[in-house]
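Colleague: Residues are numbered in our numbering as their position in the sequence shown, beginning at 1, plus a constant of 1070. Even glycine gets a Cβ: it sits at the ideal position worked out from N, Cα and C. Predicted model only: the values in this text are computed from it and were never measured. The structure is given below, and queries will be raised subsequently.
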Amino acid sequence: MLSSLGRTSLNSTTKLSAAGRIVSYSTDLSQQQEQSKYHDIENVPQPRITSHLSQLRKGTGGRASFSGNVVTVFGSTGFLGLPVVNRLAKNGSQLILPYRCDPYYVREHKTVGELGQILFFPFELKDDDSIRKALKYSNVVVNLIGTTMPTKNYNFYETHEHGSRRIARIAREMGVERFIQVSALNATPDPKGVMLKEGSHFLRSKAHGEEAVREEFPNATIIRPSVMYGMNDQFIFIYCSRYRKTPLDLVWLYKAGEQTYKMPVHVNDVALGISKAVYDPTTDGKTYELVGPHCYKLGELIDFMYKRARCTPQFNYNFRRHGLYDPYFRTLAWGTQLWGKVFKCKVPLNWEWIEYVECTNDILSNLPGFADLGVNRLAEFEYVGGQWADKCTFYGYFDEELGDCPTVPLPLRSPPIIKGRPDPRIADSKRGFGFDVLN
């Protein structure tokens, strides 16, 4: 019965014309000024309202209610997808989830919403017709599609740039009101190469994707999260694994992690921020940087995670990280990456991801963040991240009791680092924070 739901105007004022038809007109002048920076405002179609029922909210709120919004979430089967779907379903949105994987991998999405509130639709990113069908009744689109490893049919640019442009263009043609694009922190069209001579194609393609979306959908909202952690993530579960362990219990990191600073953010916090942006029309045309509440040196984060995973001398594990030339690790990394290309699957070692995580500092750019979205309480890595590191233990057979293992010291933390505005409280050259990071 999607045809009876129609669309809900989130940022426009409606009135009844003499002919009895509902028409809408925009009242946000600042939004029009922001849109004109990227695109001719006259070419952006006004949202269409197809039924009086779209103005009626059903229920008292919650998963069994209907908020009046029909949201299409692309990339819902990824790491960030399920938390976002859960947040949107909790607010009574009807969700359309396009997928191109086996239906087995989307079954867990059914349980987060009431029966009939979450609908699945097979699609192909290169097929315009399938995208149009997925957007036919939606008034909000959230694009979470991304990849950390290129494949034969979908490299970084086909996924992050051309795919995002295609979705944004069709969304504008279909009269969608709101568009949320998820990018990445430090996305730039000209990244500096460290391990890779050409720089990170992941960050470059993400930046091109932002530009493409702005051109096709001027009032789109851009979300730039830092590296995310949570269940089955590509941070804790990748580093606390036997793939990072080389002979003699050595763990290789770029420059031993002593010159890289990260602000990891919990995936549930990012999902909450995205849900806030979906229901807040004042976020149109803005870019948000979502990072964790603290900044850490990568080396100290790795030490903390491995100690929480019980990689200690008590269990005959002499953990040591280093940044020297390691032919064993390089051979293993190239071999696993080749395996992923041949069998078209994700692998735990990827030079692109190493370039992004280990060779790129997380530095903010004075853009809005969590506080501007109304999210003020964030998960701290020492507690939430430490709990996930516990689950990566190499000694799961050990029945640990209170007092068996010493307390793991917490990593040194500082407030987030902002480009051009180093916090004097953390300007300590001995620890590597402050001005040393920015220069």
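Going by beta carbon distance, what residues of the same chain come within less than 8 Å of I1372, once the five residues before and after it are set aside?
Modeller: Y1309, V1321, L1323, G1327 and R1391
Colleague: Let me know the alpha helix (DSSP H) ranges lying completely inside the stretch 1341 to 1412, each 4 residues or longer, listed in chain order.
Modeller: If we require 4 residues or more, the alpha helix (DSSP H) runs fully inside the stretch 1341 to 1412 come out as 1368 to 1378.
Colleague: With a cut-off of 8 Å, do at least 3 Cβ pairs link the stretch 1341 to 1350 to the stretch 1142 to 1157?
Modeller: By the Cβ criterion, the stretch 1341 to 1350 is in contact with the stretch 1142 to 1157, since at least three pairs of Cβ atoms, one from each stretch, lie closer than 8 Å.
Colleague: For my contact list, R1242 and V1210 are in at a C-beta cut-off of 8 Å; report their separation, rounded to the angstrom.
Modeller: Contact flag wrong, Cβ pair sits at about 13 Å.
Colleague: Kindly identify the DSSP beta-bridge partner or partners of P1168.
Modeller: F1191
Colleague: Between which two residues does the alpha helix (DSSP H) harbouring P1153 extend?
Modeller: G1151 to K1160
Colleague: Quick test of the definition: if touching needs 3 or more C-beta pairs under 8 Å, does the stretch 1472 to 1491 touch the stretch 1402 to 1415?
Modeller: no
Colleague: So is C1171 buried or exposed if we call it buried at 16+ other beta carbons inside 10 Å?
Modeller: By the neighbour-count criterion, in which a residue is buried when 16 or more other Cβ atoms sit within 10 angstroms of its Cβ, C1171 is exposed.
Colleague: Could you tell me the distance, in whole angstroms, from the CA atom of K1516 to the CA atom of I1240?
Modeller: Residue numbering for the chain in the displayed model covers 1071 to 1509; residue 1516 lies beyond these limits and cannot be assessed.
Colleague: Going by DSSP in three states, Y1467 sits in which element: helix, strand or coil?
Modeller: coil
Colleague: Just mark F1287 as buried or exposed, buried being the case when its beta carbon has 16 or more other beta carbons within 10 Å.
Modeller: The residue in question, F1287, is buried, as its Cβ has 16 or more Cβ neighbours within 10 Å.
Colleague: When burial is assigned at 16 or more other CB atoms within 10 Å of the CB, is C1415 buried or exposed?
Modeller: exposed
Colleague: Since F1249 is in the beta strand (DSSP E), which residue starts that stretch and which ends it?
Modeller: Start and end: R1248 to V1252.
Colleague: Enumerate in chain order the residues of its own chain whose CB-to-CB distance from K1222 is below 8 Å, with the five nearest sequence positions on each side excluded.
Modeller: K1411 and K1414
Colleague: Is it true that the CB of L1214 sits closer than 8 Å to the CB of I1188?
Modeller: no
Colleague: Got a sec, what are the start and stop residues for the alpha helix (DSSP H) L1051 sits in?
Modeller: Residue 1051 cannot be examined here, being either before or after the span of the chain that is shown, 1071 to 1509.
Colleague: Under the three-state reduction of DSSP, which class applies to N1338: helix, strand or coil?
Modeller: helix
Colleague: Does Y1207 come out as helix, strand or coil in the three-state DSSP assignment?
Modeller: coil
Colleague: Taking the alpha carbon of A1282 as the reference point, which residue from E1470, T1229 and V1348 has its own alpha carbon closest?
Modeller: T1229
Colleague: For the putative contact between G1216 and V1182, defined by C-beta atoms under 8 Å, what is the C-beta separation to the nearest angstrom?
Modeller: With a Cβ gap of about 21 Å, G1216 and V1182 do not count as contacting.
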